[in-house]
Amino acid sequence: MGTLVTVDINGAADMMKVHPKTILDLIRDGVLPAARIGRAYVLLSKDVLDYVQQQITNQTAERLAIQGRQIRPPDKRPRRTRRSPPNL
Numbered sequence: 208m209g210t211l212v213t214v215d216i217n218g219a220a221d222m223m224k225v226h227p228k229t230i231l232d233l234i235r236d237g238v239l240p241a242a243r244i245g246r247a248y249v250l251l252s253k254d255v256l257d258y259v260q261q262q263i264t265n266q267t268a269e270r271l272a273i274q275g276r277q278i279r280p281p282d283k284r285p286r287r288t289r290r291s292p293p294n295l
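Per my numbering: the sequence shown = residues 208 to 295.
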C-alpha cells in the first residue's frame, strides 16, 4: 500500500479553495470523512480530492441536464485534428 497523505482543516480548505469553516461543516454533516486526534481533525487528501471530483461530476451533469444534453463517454468524444500552420 502506498503512503497516505494527511491534511488538517486548513490544508483541506486550501485544497478546495474554501474557508476552513466550510470544511468543518462538511465533516460535521458526515460528507467528508475525518478523524479527530487530540483537538485537531485529520483528513486523507485522497478523500478531499474524491469529494471534489464527485462534486465536479454531479454539477456538470446538472448543468448539462438543464441544457438538455448528456455527458458523452470519453471514447465517444470527437477527436481534434491538427491544422497546418497558415501560409504566410
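Glycine included, every Cβ here is placed at the ideal spot set by N, Cα and C.
query, result
"Residues of its chain near Ala241, where Cβ-Cβ distance is below 6 Å and the 5 sequence neighbours each way are ignored", "Ile234, Tyr248, Leu250"
"Cα-Cα separation between Val225 and Gly275, rounded to whole angstroms", "30 Å"
"DSSP-derived helix/strand/coil call for Ala255", "The residue you asked about is not Ala; residue 255 is Val in the sequence shown. Correct three-state label for Val255: helix."
"Option nearest Leu211 by Cα separation, candidates Asp254, Pro292, Pro293, Asp232", "Asp254"
"Per DSSP, cross-strand counterpart(s) of Thr213", "Leu251"
"Status (buried if at least 16 other CB within 10 Å, exposed otherwise) for Val214", "buried"
"As assigned by DSSP and simplified to three states, the class of Arg243", "strand"
"Reference Asp221, options Asn265, Pro293, Glu269, Val259, closest by Cα", "Val259"
"Integer-rounded CB distance, given that Ile216 should sit under 8 Å from Leu239", "10 Å between Cβ atoms; not a contact."
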